[in-house]
Every structure is written in structure tokens, then in C-alpha cells.
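Participant: Pasting a structure below so you can have a look.
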Amino acid sequence: MSQVLAFLVFLYLFIQTPYLTPTNSFSGLFFRLDPLAALTAMLAARMAIPFLFLSLVTLILTLVFGRVWCGWICPLGTILEWTSPHPQKKKNVRRSDPGKGWRKIKYLLLGAMVILALFGNQTLIFLDPNTILTRSLAGVVFPALRFGILSSEKFFYQFKFLSPVLDAIHAAVVEPLFHTSQSVFIAVVPIFLFLLLLIALNWSAERFWCRYLCPLGGMLGGLSRFALLRREVTQPCSECVLCSSHCPTATIDPQTGFHSDPAECIVCTECLQKCSRGRIGFRWHLTHWQAAKRQTYDPSRREVLTTIAASVGAVALAGIETIVHRTPERLILPPGALLTDFESLCIRCAECVRVCPTQGLQPAFLEAGWQNLMTPHLVPRLGYCVYNCTACIQSCPTGAIPSLTVEEKHAVSIGLASIDRDRCLPWAYNTECAVCEEMCPVPDKAIVFDTGGNSRENSNLLKPRVVKEKCLGCGVCEFHCPVGGEAAIRVYSIPDNKPPLTGI
Amino acid sequence: MKTQRLLSRRDFLRWLGVVGSGFALDACGKANLSAPRLTKFTQTSLPPAAQDTPFSNAAPSGIPYLVISHGESPAEITCRAIKALGGMERFVKNGNEVIIKPNICTDYHPYEYAATTNPEVVAELVEECLAAGARRVRVMDSPFGGTAQSAYRKSGIAEAVEKAGGQMEVMVGAKFAKSPIPQGVDIHEWWVYQDVLAADVLINVPIAKHHDSAGLTLGCKNLMGTVQLRDRLHANLHQRIADITSLIRPDLTVVDAYRILTRHGPTGGNLEDVKLTKTVIASADIVAADAYACTLFGKSADDIGYIRNAAGMGIGTKDLTAIKIEELTA
Numbered sequence: 062m063s064q065v066l067a068f069l070v071f072l073y074l075f076i077q078t079p080y081l082t083p084t085n086s087f088s089g090l091f092f093r094l095d096p097l098a099a100l101t102a103m104l105a106a107r108m109a110i111p112f113l114f115l116s117l118v119t120l121i122l123t124l125v126f127g128r129v130w131c132g133w134i135c136p137l138g139t140i141l142e143w144t145s146p147h148p149q150k151k152k153n154v155r156r157s158d159p160g161k162g163w164r165k166i167k168y169l170l171l172g173a174m175v176i177l178a179l180f181g182n183q184t185l186i187f188l189d190p191n192t193i194l195t196r197s198l199a200g201v202v203f204p205a206l207r208f209g210i211l212s213s214e215k216f217f218y219q220f221k222f223l224s225p226v227l228d229a230i231h232a233a234v235v236e237p238l239f240h241t242s243q244s245v246f247i248a249v250v251p252i253f254l255f256l257l258l259l260i261a262l263n264w265s266a267e268r269f270w271c272r273y274l275c276p277l278g279g280m281l282g283g284l285s286r287f288a289l290l291r292r293e294v295t296q297p298c299s300e301c302v303l304c305s306s307h308c309p310t311a312t313i314d315p316q317t318g319f320h321s322d323p324a325e326c327i328v329c330t331e332c333l334q335k336c337s338r339g340r341i342g343f344r345w346h347l348t349h350w351q352a353a354k355r356q357t358y359d360p361s362r363r364e365v366l367t368t369i370a371a372s373v374g375a376v377a378l379a380g381i382e383t384i385v386h387r388t389p390e391r392l393i394l395p396p397g398a399l400l401t402d403f404e405s406l407c408i409r410c411a412e413c414v415r416v417c418p419t420q421g422l423q424p425a426f427l428e429a430g431w432q433n434l435m436t437p438h439l440v441p442r443l444g445y446c447v448y449n450c451t452a453c454i455q456s457c458p459t460g461a462i463p464s465l466t467v468e469e470k471h472a473v474s475i476g477l478a479s480i481d482r483d484r485c486l487p488w489a490y491n492t493e494c495a496v497c498e499e500m501c502p503v504p505d506k507a508i509v510f511d512t513g514g515n516s517r518e519n520s521n522l523l524k525p526r527v528v529k530e531k532c533l534g535c536g537v538c539e540f541h542c543p544v545g546g547e548a549a550i551r552v553y554s555i556p557d558n559k560p561p562l563t564g565i
Numbered sequence: 044m045k046t047q048r049l050l051s052r053r054d055f056l057r058w059l060g061v062v063g064s065g066f067a068l069d070a071c072g073k074a075n076l077s078a079p080r081l082t083k084f085t086q087t088s089l090p091p092a093a094q095d096t097p098f099s100n101a102a103p104s105g106i107p108y109l110v111i112s113h114g115e116s117p118a119e120i121t122c123r124a125i126k127a128l129g130g131m132e133r134f135v136k137n138g139n140e141v142i143i144k145p146n147i148c149t150d151y152h153p154y155e156y157a158a159t160t161n162p163e164v165v166a167e168l169v170e171e172c173l174a175a176g177a178r179r180v181r182v183m184d185s186p187f188g189g190t191a192q193s194a195y196r197k198s199g200i201a202e203a204v205e206k207a208g209g210q211m212e213v214m215v216g217a218k219f220a221k222s223p224i225p226q227g228v229d230i231h232e233w234w235v236y237q238d239v240l241a242a243d244v245l246i247n248v249p250i251a252k253h254h255d256s257a258g259l260t261l262g263c264k265n266l267m268g269t270v271q272l273r274d275r276l277h278a279n280l281h282q283r284i285a286d287i288t289s290l291i292r293p294d295l296t297v298v299d300a301y302r303i304l305t306r307h308g309p310t311g312g313n314l315e316d317v318k319l320t321k322t323v324i325a326s327a328d329i330v331a332a333d334a335y336a337c338t339l340f341g342k343s344a345d346d347i348g349y350i351r352n353a354a355g356m357g358i359g360t361k362d363l364t365a366i367k368i369e370e371l372t373a
């Protein structure tokens with residue numbers, strides 16, 4: 062329960078500040094405090110990102126107090142703690158803990174991510190706990206909640222006498238929290254299943270993710286071996302095993318005199334409260350400081366070398382996934398983002414997805430290739446890029462979406478619309494329609510009309526045509542196109558930008 | 044001896060809960076997906092049904108049917124136009140619930156670009172409604188570009204309305220409901236904002252501007268902002284606008300033609316396309332107001348399909364020679 066405060070801060074930032082509204086704020090605070098994202102992003106992009114240096118605060122905190130991030134701050138950790146079944150309360154929980162040996166996975170994963178980042182690849186950053194939680198909340202939990210609430214509103218509005226009450230609730234609660242727009246996410250099932258998996262693993266071992274897998278936990282755990290504040294047990298100890306049975310990371314070992322590994326201890330102080338004799342304390346190691354002992358589960362030299370080799374191999378494998386495959390013609394990146402820089406800089410945190418007012422920005426599943434899992438892209442049929450909006454630009458913590466002003470954004474095309482003349486109402490069916498032209502936000506209109514053309518029946522009919530030089534690729538035309546299913550006007554990536562086969 | 048049961052009470056309840064919530068979720072999905080199907084895909088407007096109903100828009104004797112007001116200040120010419128029509132008391136009674144529907148189509152440009160209604164005109168109407176005893180005056184539209192909040196802000200209407208004592212309302216998806224259109228020719232039901240139908244007084248405040256498929260966007264076209272699934276109206280736009288108008292029927296239409304957009308509508312973005320005409324047109328008859336507004340663009344009511352159709356359905360008159368028009372100049 063020690064993490065409630067930090068979790069509330071996270072939730073407040075998530076909801077209150079810029080949820081679906083384009084305003085700059087502290088919303089990216091947790092990403093700026095995240096040393097793992099900072100390290101891999103700066104390594105992969107080979108540049109210093111000033112905002113991310115705030116993560117030094119976390120590093121210093123860890124060097125002084127140990128893994129306090131994991132026990133007191135990490136919002137995903139909070140959720141995992143809350144959803145963890147407590148064996149003390151539920152007798153019928155049968156655990157199948159894979160054992161201490163798995164603890165090394167988090168270090169190896171961290172190592173792999175750093176090696177990949179050295180080669181400009183940030184694919185695995187989607188495993189960072191901050192990104193997992195923001196992505197899951199923005200892409201699954203909140204949209205689902207909103208869907209449920211708006212649906213029930215619709216149901217209750219049928220009863221006219223409830224209207225005044227519903228109006229009041231809507232204005233006071235629903236609108237500020239959820240807004241009225243609905244969001245639809247293509248990758249909702251994989252994102253949801255991943256979160257569900259992390260929660261389900263709690264039934265194998267409490268805080269399974271934090272204990273065995275979390276790469277940020279690995280990073281902070283490694284540093285905690287040098288922390289100044291450490292847990293100590295003074296003798297005589299009654300060996301009541303209250304502390305070891307309550308330790309969420311099971312690092313208190315009855316075999317070794319109830320001592321714990323600073324790299325695994327998340328400083329939750331649960332043991333302190335449980336100890337019947339008050340023999341446990343957290344004490345400063347200043348005069349007699351030395352790094353914590355190596356543990357049997359710490360990665361061996363052989364394992365480290367294997368990980369390095371495997372990571373290098375993975376980079377090579379990733380390199381032969383062609384850029385063409387990673388940039389299908391329908392992949393529209395957020396404004397101003399260039400593919401190769403974007404791949405290295407984007408930390409897959411889904412902040413942009415969260416703030417996009419039309420919810421057209423979607424975390425990719427495999428649309429952009431394996432390497433770009435969970436990177437954002439615009440799906441205009443689900444939501445267009447608003448002409449004057451720079452919400453994603455302002456929210457991006459790394460600058461993967463370059464910082465453009467509204468005027469600069471108006472000069473950047475993110476794609477090019479193309480009319481499918483076999484389905485377009487005026488072209489194919491001789492039916493009056495000019496929705497795309499009306500919607501076009503470009504002052505001089507990037508869609509103009511031709512008359513005549515291939516139709517003989519009604520030569521005065523207005524037939525839309527895209528002016529390549531003016532089109533911004535915002536997709537508002539595709540979004541509003543009245544043709545059912547796929548629109549008859551669709552945005553494709555800019556034809557001038559055919560990428561090379563590989564990144565070399 | 045304890046007997047082994049197949050299913051304990053607790054497990055049964057748990058199972059029931061899971062299955063039940065699954066069904067509930069399923070129902071939510073269905074409720075949400077029940078969008079209207081395209082009705083018959085008609086190419087041009089059907090011959091409108093002859094309507095013999097007399098105009099309900101008739102002005103009390105001595106009061107002009109339509110007022111055109113010219114002058115320097117948008118608020119002042121609006122004020123004079125309403126006064127000439129018999130004052131706001133003619134439309135708004137004590138304790139009435141009033142909705143004002145301006146045109147706030149996008150959040151792209153401020154009102155000087157003539158894509159959104161002049162905030163001074165809207166604010167003046169809000170003040171007059173409140174002075175006439177309105178219980179509450181709400182102002183709303185559903186923009187197609189950007190969010191409602193940002194469009195309200197960008198247009199300057201939010202600030203002006205709040206200063207005048209009115210409320211901006213972001214339209215709530217749940218309040219759109221399928222409503223029958225008894226007089227409809229092409230569509231017989233559509234998803235309409237229920238508050239607009241329930242309000243005691245609806246004041247329609249379009250801006251007169253260019254629009255490619257509709258010809259011009261005026262009073263009738265502005266009512267499209269009160270319905271859902273607007274994109275689908277385009278299949279037979281001119282008849283469907285008239286059908287929507289036959290249902291919604293604003294009590295008063297004030298066409299803001301202080302600035303008009305002559306090209307690149309309805310979104311605009313070039314000041315060169317904006318013409319200062321410094322005019323406000325007001326009438327209880329939405330068709331007559333639209334018919335007069337056409338003349339500002341050098342067109343006649345017969346050039347615009349939805350005005351022809353609406354007049355044919357008996358919603359109002361497009362014959363400007365048959366009605367009493369008063370023109371006010373400063």
C-alpha cells in the first residue's frame with residue numbers, strides 16, 4: 062500500500078492534465094523519471110535528450126535508498142501488488158514459483174536492450190513498465206471504461222425523467238474524465254492480453270514481473286547493490302518466518318539467517334511491520350560500505366556473453382527485415398516523424414496515443430513490422446490529424462515526434478490522399494458528393510473538382526481530385542468519406558519517399 | 044459425510060456473474076452498432092410531396108415577415124433586426140428553455156475567416172433571450188474538424204456567450220436518438236439531438252458561406268449540426284436537408300452575413316475569400332431567410348436545391364416578392 066500516493070499522482074497526470082486535450086503539462090513526468098527509457102533512447106538515437114536527464118533523480122534515489130522506485134513509485138508495480146493474491150489471506154492459492162534462477166532474466170533482458178540500443182534499435186523498450194501501463198490504460202482500460210459509461214448513459218437517457226440527473230453527472234464527471242469521443246484501437250486485444258499476462262503471473266509468484274522480468278527493475282536492482290541504505294537483521298531472531306512469508310519479492314531467505322539481497326529488496330518495509338521482535342531495520346552503510354554480495358542467481362560471465370551475442374544476432378536479423386516491410390504504404394507516422402529516427406527515438410510509451418483528440422493515433426501491432434511493435438501510427442479511418450493540433454508533438458517525451466509549431470506543422474505533409482475512382486460516389490456512381498473537399502482544412506483546398514471525366518450521363522457533376530502539392534495527408538477526408546467500409550479516398554505514405562531496402 | 048457437489052453455490056454465482064457480464068457487454072456493443080442503414084439510394088430528389096399546410100411562420104400583423112439589417116456593429120444590427128421582428132418577447136416567453144445553434148464547423152480559424160458565426164451576433168441573442176425571461180440559454184454545435192471544446196474556444200463564441208450569461212454545451216453522444224420525421228420525403232427517421240427537439244425555443248444562427256455540394260450553407264444546412272451520421276446525408280443531400288428541416292423547425296433564424304465566405308467553404312482559411320457585407324437577416328421563416336441570403340452571393344433561392352425542396356414541402360416560402368420585407372440601415 063506504500064505506492065498509493067505515487068499511483069494517484071500517475072493517475073492524476075493520466076486523467077486530469079491532458080487526457081485528449083492538447084495542452085502541455087507534466088504528464089510525461091514518469092517517463093522523464095525513467096532511467097531505462099532515458100538510457101536506451103539516448104544510446105539508440107546517439108544524442109542527449111535534455112528532458113530525460115530528470116531520470117538522474119531516480120538513479121540517485123536508488124543509489125541512496127535502494128529499489129525504492131519499485132516499492133514506492135512504480136505505478137505498474139502498484140497494480141501488480143494490488144492484483145496479487147495474498148497467500149496469507151487465501152489458503153487455496155497454489156503457487157508454482159519458477160525459483161530463484163529466473164531472477165537473472167531481468168538482468169539479461171536489460172543487457173539485451175542496452176546492446177540493441179547501441180545499434181540504434183529500441184524494439185524491446187515496450188517492456189518498460191511505464192510504457193506498459195500508459196499503453197494499457199490509454200489503449201484498453203480507459204476506452205473500455207468510457208465505452209461502458211457512454212453506453213449506460215445512452216441506455217438511461219431513454220428515460221426522459223432522468224435527463225436532469227444525467228446531464229448533471231455528465232457535466233461534472235463523465236465529460237471531464239472521459240470526454241465524449243469514443244476511441245477504437247486495433248491492437249486492443251494484444252495490449253490487453255499482455256497486461257492480463259503480467260497480472261496472471263502473480264498467481265505463480267507474488268510480483269512475478271517485478272521479481273523476475275522487469276528490465277527497469279534489473280537496472281535499479283543492479284544499482285541497489287551499491288545502495289547506502291540496506292535492510293539488516295539483528296540477532297537473536299526468533300525465526301518465526303513472518304518476514305520471509307510476507308516479503309513480496311521473496312528475497313528474505315530463512316536459509317541465510319533471514320538476510321536479503323539489496324538488489325531484490327524493494328524497500329516496501331512490509332517485514333519491518335511484521336517482525337514480532339523489532340529485529341529488522343533499515344540502516345545506513347556509510348563507514349563500512351561495500352557492494353552487496355554476488356548471488357547464485359546473478360548472471361554468469363557465460364550467460365552475459367551469450368546475451369551479448371544473441372543481441373548482436375538479433376540486430377542483424379532485424380536488419381534484414383526490410384524497411385519497405387516496416388513502412389507499408391498505409392503507414393502514416395505522426396507529424397514530422399521520419400522513420401529511421403523515429404524507430405530509434407520512440408520509446409513506445411503511447412503518450413501521443415493518449416492525447417490524440419481524435420484517437421486516430423494507434424499503437425501498431427505488426428503493421429509496421431516486428432521491430433516497431435507498439436509504435437504510434439495514424440489510422441485516418443478511425444481518427445484524423447486535426448489541422449491545428451500539436452498534442453502528440455507536445456506530449457512526446459523523447460522528441461521522436463519532432464517539436465513543431467502549428468505553423469511548421471502546416472508545412473509538413475504526413476501522407477498523400479488518393480481517390481479510388483472505382484468507389485468514389487461521383488466518379489463511379491454518378492452521385493453528387495463533395496464531402497472530402499468540404500472537410501479539407503487547407504485554406505486553398507487540396508481537393509479540387511473536375512467536371513466531365515469518364516461519366517457520360519451527368520457531365521456537370523463535380524468530381525474530386527487531390528492536389529499533391531497542397532495535401533497534408535491529415536486524413537480528415539478519409540475519416541468523413543460517406544462510402545461504407547474502407548473510404549473511397551485514402552491517405553498513403555508520400556510516394557516521393559520510397560525508402561531504401563535496408564537501413565544500410 | 045461431506046458430499047461432493049458438482050457445482051457449489053459460490054461457483055454457480057461466479058459463473059453467472061461472468062456469463063451475465065459477457066451478455067451485458069455484448070448488448071452494449073449491439074446498442075452501439077445499431078447505426079441506421081442507408082435508405083434507398085436515390086440519385087436526385089424525389090418530387091416533393093405537396094403540402095397544403097399553411098405557413099406557421101406568419102408574423103403578427105404590422106410586423107415584417109423578414110428583416111434585413113445593415114450596419115457597422117454586428118451586435119447592434121442584430122438587436123435592431125430582432126426589435127423590428129417584434130422583439131425577442133415574440134419568441135421567448137418567461138421561463139423558457141432556449142437553445143441557440145450557431146455554425147461552429149471547425150477549430151481551424153477564428154471568426155474573421157467567416158467559417159464560423161460571428162460571436163457578437165450570438166452573444167447579443169443570448170442577452171436578449173435572457174432579458175426576455177429565458178430560464179437558460181444553451182449554445183451548441185458539433186464541429187467536424189477538431190474537438191468541440193477547442194472549436195468553441197477558437198471561434199470566440201465560447202468567451203462571448205459565457206460573458207453574456209449563456210452556457211456552451213458539448214453535445215453528448217447519448218442524447219442523439221432516432222426520431223421520426225413525419226413529413227420526410229427521402230428519410231423518415233434520423234438520429235437527432237433530443238434537447239434540440241425538446242427546447243421551448245430554438246434559434247438558428249448560421250453564417251452565410253460558400254459550400255460546394257450544398258451550393259451555399261445557410262439556415263437549413265446549419266441544422267445538420269444537430270444530427271448524427273451527417274456524412275450519410277450526402278447521399279441525397281438537398282432532400283435530406285429539407286427533411287431534417289421539416290422536423291427541427293427553428294423558431295427564429297438569424298443569418299449572420301456580417302462577413303460572408305465566397306470561396307473555399309465551408310472551412311475557409313483565406314481572408315481574400317471573405318467579403319464584408321455587414322448584414323444580418325432575421326425571420327421566423329427559415330426558408331425565407333435562406334432565400335434572401337442567396338441574393339448576397341448573386342444567386343437566387345432556386346439555385347439551391349435544399350431551399351427549393353424545403354419550400355416545396357411547405358416549410359416556408361422562397362418567394363421574396365410575396366412577403367413583407369423591412370430593410371434597416373444605420
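Going down the list, the sequences are from chains A and B.
Counting along the first sequence from 1, when you hit position 60 you're at 121 in our numbering, and nothing is skipped either side.
Counting along the second sequence from 1, when you hit position 52 you're at 95 in our numbering, and nothing is skipped either side.
Ideal Cβ positions, reconstructed from N, Cα and C, are used throughout, including at glycine.
Quantities reported herein were computed from a predicted structural model and do not represent experimental measurements.
1. Do the region 179-186 of chain A and the region 333-341 of chain A make contact, defined as three or more Cβ pairs closer than 8 Å?
2. Could one say the Cβ of residue 252 of chain B lies closer than 8 Å to chain A's Cβ atoms, at least one of them?
3. Output, in chain order, the set of chain A residues within a Cβ distance shorter than 8 Å of residue 153 of chain B.
4. Which residues, in order along the region 425-457 of chain A, keep a beta-carbon less than 9 Å from a beta-carbon of chain B?
5. Alpha carbon to alpha carbon, how far is residue 407 of chain A from residue 73 of chain B? Give it in angstroms, no decimals.
6. Helix, strand or coil: how does DSSP classify residue 89 of chain B here?
7. Note down, in chain order, each residue of its chain lying with its Cβ closer than 6 Å to the Cβ of residue 161 of chain A, except the 5 sequence neighbours on either side.
8. Exposed or buried, which one is residue 147 of chain A when buried takes at least 16 other CB atoms within 10 Å?
9. Does the CB of residue 223 of chain B have a neighbour CB from chain A at under 8 Å?
10. Report the residue from A:269, A:267, A:330 and A:275 whose alpha carbon sits nearest the alpha carbon of residue 291 of chain A.
11. My guess is that residue 188 of chain B and residue 150 of chain B are in contact by the Cβ rule of under 8 Å, so how many angstroms apart are they, rounded?
12. If the cut is a Cβ gap below 7 Å, which residues of chain A does residue 309 of chain B touch?
13. How many angstroms separate the CA atom of residue 314 of chain A from the CA atom of residue 53 of chain B?
14. Closer than 8 Å is the cut-off here; do at least three beta carbon pairs connect the region 322-334 of chain B with the region 106-124 of chain B?
15. Tell me whether residue 197 of chain B is buried or exposed, calling it buried when 16 or more other Cβ atoms sit within 10 Å of its Cβ.
16. Apply the 10 Å Cβ neighbour rule to residue 193 of chain B and answer buried if 16 or more other Cβ atoms are within range, or exposed otherwise.
17. Spell out the partners DSSP gives residue 247 of chain B in its beta bridges.
18. Going by beta carbon distance, what residues of the same chain come within less than 6 Å of residue 247 of chain A, once the five residues before and after it are set aside?
19. Please report whether the beta-carbon of residue 255 of chain B lies at a distance below 8 Å from any beta-carbon of chain A.
20. Consider the Cβ of residue 144 of chain B: report whether some Cβ of chain A lies at a distance smaller than 8 Å.
21. For residue 321 of chain B, tell me which candidate among B:298, B:312 and B:169 has the shortest Cα-Cα distance.
22. Tell me which residues of the region 472-499 of chain A have at least one Cβ-Cβ distance to chain B shorter than 9 Å, keeping chain order.
23. Specify whether the region 248-265 of chain B and the region 225-233 of chain B touch according to this definition: at least 3 beta carbon pairs, one from each stretch, less than 8 Å apart.
24. Tell me whether the beta-carbon of residue 200 of chain B lies closer than 8 Å to the beta-carbon of residue 160 of chain B.
25. Could you give the DSSP three-state label for residue 547 of chain A: helix, strand or coil?
26. Please classify residue 541 of chain A: does DSSP put it in a helix, a strand, or coil?
27. Quick check: what's the CA-CA separation for residue 535 of chain A versus residue 545 of chain A?
28. Against residue 510 of chain A, what residues of chain B qualify as contacts under a CB-to-CB distance less than 8 Å, listed in chain order?
29. Could you check what DSSP says for residue 291 of chain B in three-state terms: helix, strand or coil?
30. What residue does the beta strand (DSSP E) around residue 322 of chain B start on, and which one ends it?
31. For residue 236 of chain A, would you say it is in contact with chain B, using Cβ-to-Cβ distances shorter than 8 Å as the test?
32. Suppose you measure from the CA of residue 128 of chain B to the CA of residue 291 of chain B; what does that come to, to the nearest Å?
33. Taking the straight line between their C-alpha atoms, what separation do you get for residue 159 of chain A and residue 232 of chain A?
34. With distances taken between CB atoms, is the gap from residue 421 of chain A to residue 445 of chain A smaller than 8 Å?
35. Cutting at 8 Å between CB atoms, please list the residues of its own chain near residue 122 of chain A, excluding the five before and the five after it.
36. Quick check: what's the CA-CA separation for residue 174 of chain B versus residue 219 of chain A?
Facilitator: Here's the rundown:
1. They do not touch, by the three-pair rule.
2. Residue mapping note: residue 252 of chain B aligns to position 209 of the second sequence, counting from 1. Residue 252 of chain B does not count as touching chain A.
3. On the second sequence, position 110 is the one that residue 153 of chain B refers to. Chain A residues near residue 153 of chain B: none, gap ~11 Å exceeds 8 Å.
4. Answer set for the region 425-457 of chain A: 445, 447, 448, 449 and 450.
5. The residue given as residue 73 of chain B occupies position 30 in the second sequence. The residue given as residue 407 of chain A occupies position 346 in the first sequence. Here the model assigns residue 73 of chain B a pLDDT of 49, short of 50, so the residue's position is not dependable, and the following value carries that caveat. Residue 73 of chain B and residue 407 of chain A: Cα-Cα distance of roughly 37 Å.
6. One-based indexing of the second sequence puts residue 89 of chain B at position 46. Below a pLDDT of 50, predicted positions are generally treated as unreliable, and residue 89 of chain B, at 41, falls in that range; no measurement from the model is reported.
7. As a first step, residue 161 of chain A is located in the first sequence; it is residue number 100 there, counting from the start. Excluding residues within five positions, the ones whose Cβ falls inside 6 Å are 358.
8. Start at 1 with the first residue of the first sequence, and residue 147 of chain A comes out as number 86. Counting Cβ neighbours within 10 Å, residue 147 of chain A comes out exposed, since fewer than 16 surround it.
9. Mapped onto the second sequence, residue 223 of chain B falls at position 180. For residue 223 of chain B, the answer is no, since every Cβ of chain A falls outside 8 Å of its Cβ.
10. As a working note, residue 291 of chain A is residue 230 in the first sequence. Among A:269, A:267, A:330 and A:275, the Cα nearest to that of residue 291 of chain A belongs to A:330.
11. If you number the second sequence from 1, residue 188 of chain B lands on position 145. If you number the second sequence from 1, residue 150 of chain B lands on position 107. With 8 Å as the limit, residue 188 of chain B and residue 150 of chain B qualify as a contact, their Cβ atoms being about 6 Å apart.
12. On the second sequence, residue 309 of chain B is found 266 positions in, with the first residue counted as 1. Residues of chain A passing the Cβ test: 499.
13. As a working mapping, residue 314 of chain A is identified with position 253 in the first sequence. As a working mapping, residue 53 of chain B is identified with position 10 in the second sequence. The straight-line gap from Cα to Cα measures roughly 37 Å.
14. Inter-segment contact for the region 322-334 of chain B and the region 106-124 of chain B is present: three or more beta-carbon pairs are separated by less than 8 Å.
15. One-based indexing of the second sequence puts residue 197 of chain B at position 154. With a 10 Å radius around the Cβ and a threshold of 16 neighbouring Cβ atoms, residue 197 of chain B comes out buried.
16. For the purposes of this step, residue 193 of chain B is taken as residue 150 along the second sequence, with counting starting at 1. Its Cβ being crowded by 16 or more others within 10 Å, residue 193 of chain B is buried.
17. The count along the second sequence starts at 1 and reaches residue 247 of chain B at position 204. Its beta-bridge partners are B:144 and B:296.
18. On the first sequence, residue 247 of chain A is found 186 positions in, with the first residue counted as 1. If we look at residue 247 of chain A and ignore the five residues flanking it on each side, its Cβ neighbours are 423.
19. Position 212 of the second sequence, counted from the start, is the residue given in the question as residue 255 of chain B. For residue 255 of chain B, at least one C-beta of chain A is nearer than 8 Å to its own C-beta.
20. Locating residue 144 of chain B in the second sequence gives position 101, counting from the first residue. No, because no Cβ of chain A sits closer than 8 Å to the Cβ of residue 144 of chain B.
21. Here the question's residue 321 of chain B lines up with position 278 in the second sequence. Nearest of B:298, B:312 and B:169 to residue 321 of chain B, Cα basis: B:298.
22. 486, 490, 491, 492, 493, 494, 495, 496, 498 and 499
23. No, because fewer than three Cβ pairs between the region 248-265 of chain B and the region 225-233 of chain B fall closer than 8 Å, the two stretches do not touch.
24. Your numbering for residue 200 of chain B matches position 157 in the second sequence. Your numbering for residue 160 of chain B matches position 117 in the second sequence. Yes, they are a contact pair.
25. Mapped onto the first sequence, residue 547 of chain A falls at position 486. Residue 547 of chain A: coil per DSSP, three-state reduction.
26. Mapped onto the first sequence, residue 541 of chain A falls at position 480. It is helical.
27. Position 474 of the first sequence, counted from the start, is the residue given in the question as residue 535 of chain A. Position 484 of the first sequence, counted from the start, is the residue given in the question as residue 545 of chain A. Their Cα atoms are separated by approximately 20 Å.
28. Counting from one through the first sequence, the residue named residue 510 of chain A turns up at place 449. The answer, in chain order, is 255.
29. One-based indexing of the second sequence puts residue 291 of chain B at position 248. Looking at residue 291 of chain B - three-state DSSP - the assignment turns out to be helix.
30. In the second sequence, the residue the question calls residue 322 of chain B occupies position 279. Taken as a continuous stretch (DSSP letters only), the beta strand (DSSP E) holding residue 322 of chain B covers 317-326.
31. In the first sequence, counting from the first residue as 1, residue 236 of chain A sits at position 175. Output row for residue 236 of chain A: interface = yes.
32. For the purposes of this step, residue 128 of chain B is taken as the residue at position 85 of the second sequence. For the purposes of this step, residue 291 of chain B is taken as the residue at position 248 of the second sequence. Approximately 21 Å between the Cα atoms of the pair.
33. Reading the first sequence from its first residue, position 98 is the one you call residue 159 of chain A. Reading the first sequence from its first residue, position 171 is the one you call residue 232 of chain A. Near 50 Å, if we compare the C-alpha coordinates of residue 232 of chain A and residue 159 of chain A.
34. For the purposes of this step, residue 421 of chain A is identified with residue 360 of the first sequence, where counting begins at 1. For the purposes of this step, residue 445 of chain A is identified with residue 384 of the first sequence, where counting begins at 1. Yes, the Cβ-Cβ distance between residue 421 of chain A and residue 445 of chain A is below 8 Å.
35. Walking along the first sequence from the start, residue 122 of chain A turns up at place 61. Within the same chain, residue 122 of chain A has close Cβ partners 129 and 130.
36. As a first step, residue 174 of chain B is located in the second sequence; it is residue number 131 there, counting from the start. As a first step, residue 219 of chain A is located in the first sequence; it is residue number 158 there, counting from the start. Those two C-alpha atoms are separated by around 33 Å.
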